[in-house]
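Take a look at the structure set out below.
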Amino acid sequence: MVTGTNGKTTTSRIIGQILHENKTNYITNKSGANLVSGIVTTFIEHYRKKEYHLPKTALIEIDEAAFKVITERISPDILVVTNFFRDQLDRYGELYTTVRGVREGLERCPNTQLILNADDSLCVSLAENREKVLYYGFDDNAYNNQIENSNSDASFCIKCRTKYIYNNHVFGHLGSFSCPSCGYSKPLTQVTCTKIPELNSTNSTIEMKLDQYGKIRTTINLPGLYNVYNALAGTALGYQLGCSTKTIIKALNTFECGFGRMETIVKDNKNIRIILVKNPTGFNQVINYLLTEKGNTQIAFLINDNLADGTDISWLWDVDIENLQLISDNTSVFYTSGVRGEDMSVRLKYAGIYTRKISYIKDYHELITTALSSMKENENFYILPTYTAMLDLRKILQKKFGLKAFWK
Amino acid sequence: MPEERNEYNMYEINICHLYPDLLNLYGDRGNIIALRKRAQWRGINVNVHSVTLNQPFFPENYDIIFLGGGQDYEQEIIQNDLIVEKGAEIKNAIENNIVFLCICGGYQLLGKYYKTWDGKEIEFLGALNLWTIGSKERLIGNLIYECSYLKDEKNDGLIVGFENHSGKTYLGEGVEPLGTVIKGYGNNGEDSFEGARYKNVFCSYSHGSLLPKNPLLTDYLLSVAIKRNYKDFVSLQSIDNSIENQARESMIKRLLL
Ligand SMILES: [Zn+2]
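Taken in sequence, the protein lines are chains G and C. The first sequence lines up with residues 0 to 407 when you count with numbering that gives the first Met the number 0. The second sequence lines up with residues 0 to 256 when you count with numbering that gives the first Met the number 0.
See below:
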């Protein structure tokens, strides 16, 4: 099982690829169907009365709040936890409640092998009183954060409430934390990112150290630091299963981008790049990625407040939108749309973006047409939708622009 | 955007963000951003200071003091510091008419106590005559309330926000509500009051963030703060609020029509 706030889907996809390369038959739940109902459906769909070659492995992405409930029925052999960040708080109450919920679920499965993000103090707290734990994380010298995000989700010790000291900060509250008061600190990692030789807008090259195997080097077809964590998590699982480094490297190399995390559609030689945004940390990572754009560009924000997006959009104010000023010279328009598009316009205005560059266009078709018509060939148009806005966006791209279901 | 207006250059506003590393939930820092930007757009000099745990606090250095909401875990961390270490200074500042904006948890902490739903009473600062009682249900959703003091021929005085709290707050003698609930729960879902006002203290359950989308209220707070320091100050010049008002009015339409 894979759980955590950000990166569940991508990590599951990477693990799926590793299982595939390892010739392991497995069943898995559809992306987005990560609540109890979706997981039950997955098992029912694959149920056959008399069949001999049924897969013995299930790879399940599970919502962090649903984990507690599902463990009343099943115990995973292995649980991968990606991270804990603030996400849609109106749905789940509080961050610490979510962590507590996962811990309660784990109490029902004492034999489960944990694979945890060592850079996340909340994640590491799940290891308390458990023996079977494997850690992955960044070496202190692998990456040094240049842009400090001002809002940190967990800057105080979960055990004794003293402010953590960080030897190195990766992003959000991820990094090598230690508590000066009680000594709670980042544990030793068995799967470690030692170097990131390349991190550009389409892929990342990562050097890792696997305890028993030594160093490996691989390239993933995903941009962004957060995906380096996802690759580490997947690698840690492959390592735990005893897959060869060759298998792991091949899986990481051939892995194709998942559901909405970053999709590129080419229309008239112009690139439409869609990246899902759903919480402050993820959004900040997307912005850091946008800052690598050197060409002329346009950016659209499609913000909804349906249940699946989170009905409270105040989290937009926790995102460091201000950093977009750094690319406002080469960004001709910042479009806003969606049920709460107007709120996004306000956010942009107060982030210091010139109001003449902010354009609210309610209709997605009109918005995309407007953007494409003012673009030159090979330029990038970024669309950042929340979850349900992405579903609507796809329908439009399919119906009005005749684009096939590219995300399948 | 007018960044420089000479006639306002003589004014300076010092804003203090209390416990920014702990009480920073639900985009509350948007309120600081709004105060800073709307002052700067008029050419007023603005400084934002941070004061957190175990740091000395001299409220007389500030014109506006902001206290946001946090998760229970973080709120418990600051409780002692706020009540024991900074409590006397906060009370003193309130009586001296310094402007306070307190949201959600920060609002509750200024009251007398918080009684959990199972009857445990936690003593709070007691700077304002109000108290909070925990309930098992959470009051969550978009919120509209009317502030009569913001209403005139041109303005409807309606404030839009998003509330998310399980505590129900009740106002005692001497404390006025910030507004009257039109849609949503407000303080407790019973008496149709939202927020609290006492001297220059403004409290609300509205996240949203509250101030960016309600520029009238932001300007009101800025005006009160400047007037306290500069006796000759008359009013803020009006600026273009069309983007803010579009967002505000679209929510009003959605909830009321
Ligand atoms: Zn500690």
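Note that CB positions come from ideal geometry on N, CA and C, so glycine has one too.
For L392 of chain G, the closest of G:R355, G:E376, G:V338 and G:Y349 by C-alpha to C-alpha distance is G:V338. Of the candidates G:T2, G:M207 and G:I357, the residue whose Cα lies closest to the Cα of F300 of chain G is G:I357. Distances from the CB of T161 of chain G to the heavy atoms of ligand 1 include at least one below 6 Å.
Annotation: Cβ neighbours of E93 of chain G in chain C (cutoff 8 Å, chain order): Q70, D71 and Y72.
The closest CA to that of R355 of chain G, considering only G:S327, G:G37, G:V79 and G:L390, is found on G:S327. Here S177 of chain G is not near I157 of chain G, since their CB atoms are 7 Å or more apart. In the three-state scheme derived from DSSP, where H, G and I count as helix and E and B as strand, Q39 of chain C is classed as helix. With fewer than three CB-CB distances shorter than 8 Å, the stretch 61-70 of chain C does not count as touching the stretch 339-354 of chain G.
Contact annotation: in the stretch 310-329 of chain G, residues whose CB is within less than 8 Å of a CB in chain C are T310, D311, I312, S313, W314, L315, W316 and D317. Taking all protein chains shown into account, V233 of chain C has fewer than 16 neighbouring C-beta atoms within 10 Å of its C-beta and is therefore exposed. DSSP places Y113 of chain C inside the beta strand (DSSP E), whose first and last residues are Y112 to K114. Chain-order list of chain G residues neighbouring S208 of chain C: S313 and W316, by C-beta distance under 8 Å. In its chain, beyond the 5 residues on either side, I93 and F99 have a beta carbon closer than 6 Å to the beta carbon of V200 of chain C. Taking 7 Å as the cut-off, the beta carbon of Y134 of chain G is found closer than this to the beta carbon of Q189 of chain G.
Remark: the C-beta of S177 of chain G is outside contact range of ligand 1, defined as less than 6 Å to any heavy atom. Taking a cut-off of 8 Å for Cβ pairs, the stretch 73-91 of chain C and the stretch 171-190 of chain C do not touch, as fewer than three such pairs fall below it.
Leaving aside the five residues that flank G69 of chain C on each side, the residues in its chain whose CB is nearer than 6 Å to its CB run, in chain order, L21, L22, L24 and G104. Between the stretch 97-107 of chain G and the stretch 52-70 of chain G, the count of C-beta pairs closer than 8 Å reaches three or more; the two stretches touch. In the DSSP secondary-structure assignment, S177 of chain G is bridged to G:I164 and G:S184. A distance below 6 Å between beta-carbons, with the five flanking residues on each side excluded, links N379 of chain G to the following residues of its chain, in chain order: N270, R272 and T296. The closest CA to that of S120 of chain G, considering only G:A153, G:N140 and G:L94, is found on G:A153.
Under the 7 Å criterion on CB atoms, Y349 of chain G is classed as interfacial with respect to chain C.
DSSP places A388 of chain G within a helical segment (H, G or I) once states are collapsed to three.
At least one heavy atom of ligand 1 lies closer than 6 Å to the C-beta of K158 of chain G.
For the pair F170 of chain G and Y95 of chain G, the Cα-to-Cα distance works out to about 19 Å. The C-beta distance from T246 of chain G to G237 of chain G rounds to 7 Å, short enough to fall under 8 Å. In the DSSP assignment, A117 of chain G falls outside any alpha helix (DSSP H), carrying neither H nor E. When secondary structure is reduced to three states using DSSP, H48 of chain C falls in the strand class.
Taking 6 Å as the cut-off, one finds at least one heavy atom of ligand 1 near enough to the beta carbon of S180 of chain G. Y144 of chain C sits in a strand when the DSSP states are folded into three classes. Excluding five sequence positions before and after T191 of chain G, the CB atoms of its chain that fall closer than 6 Å to its own CB belong to D138 and K208, given in chain order. Using a Cβ-Cβ cut-off of 9 Å, I357 of chain G is close to I242 of chain C, given in chain order.
Burial is judged here by how many other beta carbons sit within 10 angstroms of a residue's own beta carbon; E243 of chain C has at least 16 and is buried. Following the DSSP letters along the chain, one finds H19 of chain G inside the alpha helix (DSSP H) bounded by residues K7 to E20.
Of all residues in the stretch 32-50 of chain C, the ones placed with a Cβ closer than 7 Å to any Cβ belonging to chain G are I32, A33 and K36, in chain order. Residue state for G86 of chain C is assigned as helix, using DSSP reduced to three classes.
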